[in-house]
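J.:
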Amino acid sequence: MSPRKKNVTAKDIARACGLSQATVSYVMNNKEGKKISEATRRLVLQTARELNYIPNSTARSMRTNRSMSIGVVTGWNNLSMGFSLVLRGVKEYLDAAGYSITLLHDDVNAKNDHEYVRYYRSARIDGLLFLFYEMEPETMALLQRERIPFFLVDESGVWHTADQSHTLLEDGIRQAVSLCRERGFRRLKFFSLQRGDSLFSKKWNLFSRAIQEEFPQAELQRLVFPAHGKKNESLREEFYQALCQDPPDAAISSNPRTGWLVQGAILRREFSLPPSVRHICLAASGIFELVYPTITCLDMPLEEMGKYAARQIVRGLSGLPVEEHTFACTLKEGHSTQ
1125 MSPRKKNVTA KDIARACGLS QATVSYVMNN KEGKKISEAT RRLVLQTARE
1175 LNYIPNSTAR SMRTNRSMSI GVVTGWNNLS MGFSLVLRGV KEYLDAAGYS
1225 ITLLHDDVNA KNDHEYVRYY RSARIDGLLF LFYEMEPETM ALLQRERIPF
1275 FLVDESGVWH TADQSHTLLE DGIRQAVSLC RERGFRRLKF FSLQRGDSLF
1325 SKKWNLFSRA IQEEFPQAEL QRLVFPAHGK KNESLREEFY QALCQDPPDA
1375 AISSNPRTGW LVQGAILRRE FSLPPSVRHI CLAASGIFEL VYPTITCLDM
1425 PLEEMGKYAA RQIVRGLSGL PVEEHTFACT LKEGHSTQ
């Protein structure tokens, strides 16, 4: 058996670049506050790629007294294109910063015995990123009580505190309410899937409040469908029956999975353009632009939001303040509301 190939070190990169090992270390460790030109940074990173440099995470962990891993906790609706875009942004930044990702599961009915809390207590992760996660106030309080560094990334924006007084999601939802008012979609049904015991839904809370404030003439009803153990075909049938029994002017769905099921039920009931039942999905998913009929949905820079969240948690672990940044959300109209 041939001997293992010797790993490339920062010293090898420094020699190839004609730079000091300290400069290479600053770049590879993404050190803040060091005056490194962009040209030098690009040279170091390009040389590292060409030499197939792989950071020694064990040595770095011992040196920094960190695990060099960030836990990623996903919401249950994690199969959408939107989730993939956020995760791509997170991974791109953490890879460059020398951090790995630990994918964690969450039991929605757990009280305090969450897997991510156990991982943090045992020093297996340095912090948490929650992606498309329906975070209730009790969970936020638990994280703050345990002093776990975290950021939440979803269609509301990027957050690390309970202060979500105005969100990206609110902007998009109010645009959706304005569309309903302008087009005369007065009878509205909001479709929700229930997972676990909780009925909490941030989107329902925001949408119903916006309706009360901006379109009080509307008749809004929330339909909740228990989803545990049910296949999509079964849920789509329940949606179809609900639409047939009392057709609304417009159906409102809250995430990509619910959106697909609602759209399928609408098309089964009547395949026509314009549809007799309009549909707005309060989620950011580029896949809705690729189907026919296209579905009215939210649009926001999810990959950029993922990179931003990853950068902020790494900065926070180094004792640096959060950088302020503003993102935009718009309602992108498709065939489903025309």
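Each residue of the sequence shown is one higher than the one before, counting from 1125 in my numbering.
The beta-carbon is built from N, C-alpha and C at its ideal position, and this holds for glycine as well.
Please read all numbers here as calculations on a predicted model, not as lab measurements.
1. Is the region 1453–1461 touching the region 1401–1418 in the sense that three or more CB pairs, one from each, lie closer than 8 Å?
2. Buried or exposed for residue 1186, going by 16 or more other Cβ atoms inside 10 Å?
3. Exposed or buried, what is residue 1251 when buried is set at 16 or more other beta-carbons lying within 10 Å of its beta-carbon?
4. If you run the structure through DSSP and keep just helix, strand and coil, what is residue 1404?
5. Ignoring anything shorter than 3 residues or poking outside the region 1413–1441, list the beta strand (DSSP E) runs there in chain order.
6. Consult DSSP for residue 1324 and reduce its assignment to one of helix, strand or coil.
7. So, with DSSP's three-state summary, where would you put residue 1273?
8. Could you tell me how far apart the beta carbons of residue 1433 and residue 1282 are, in whole angstroms, since I believe they sit closer than 8 Å?
9. Which term fits residue 1450, buried or exposed, when burial requires 16 or more other beta carbons within 10 angstroms of its beta carbon?
10. With distance defined between alpha-carbon atoms, name the residue in 1149, 1284, 1258, 1245 nearest to residue 1439.
11. Taking the alpha-carbon positions, what's the residue 1177 to residue 1194 distance?
12. Use the C-beta contact count for residue 1338: other C-beta atoms within 10 angstroms, 16 or more gives buried, fewer gives exposed.
13. Specify whether the region 1320–1335 and the region 1353–1362 touch according to this definition: at least 3 beta carbon pairs, one from each stretch, less than 8 Å apart.
14. To which residues of the same chain is residue 1191 closer than 7 Å at the C-beta, ignoring the five residues directly before and after it?
15. Go ahead and pull the three-state DSSP assignment for residue 1134.
16. Alpha carbon to alpha carbon, how far is residue 1267 from residue 1274?
17. For residue 1293, which residues does DSSP report across the bridge?
18. Among residues of its own chain, excluding the 5 on either side of residue 1382, which ones have a beta-carbon nearer than 6 Å to its beta-carbon?
19. Which residues in the same chain as residue 1427 place their Cβ atom closer than 6 Å to its Cβ, once the five residues preceding and following it in sequence are excluded?
20. Would DSSP call residue 1462 helix, strand or coil?
21. Can you tell me whether DSSP reads residue 1186 as helix, strand or coil?
T.: Working from what's here:
1. yes
2. Because the pLDDT at residue 1186 is just 49, under 50, the model does not fix this residue reliably, and the value given afterwards should be weighed accordingly. So residue 1186 ends up on the exposed side.
3. Result: buried.
4. Residue 1404 falls in the strand class under three-state DSSP.
5. 1420–1423
6. Residue state, collapsed to three classes: coil.
7. coil
8. 5 Å
9. exposed
10. 1284
11. Rounded to whole angstroms, residue 1177 to residue 1194 spans 21 Å at the Cα level.
12. exposed
13. no
14. 1185, 1247, 1248, 1249, 1250
15. helix
16. 8 Å
17. Note: residue 1293 sits in no beta bridge, so no partner.
18. 1315, 1317
19. 1209, 1212, 1213
20. For residue 1462, the three-state secondary structure derived from DSSP is coil.
21. Confidence at residue 1186 is low in this model, with a pLDDT of 49, below 50, so the placement of that residue is unreliable and no value is reported for it.
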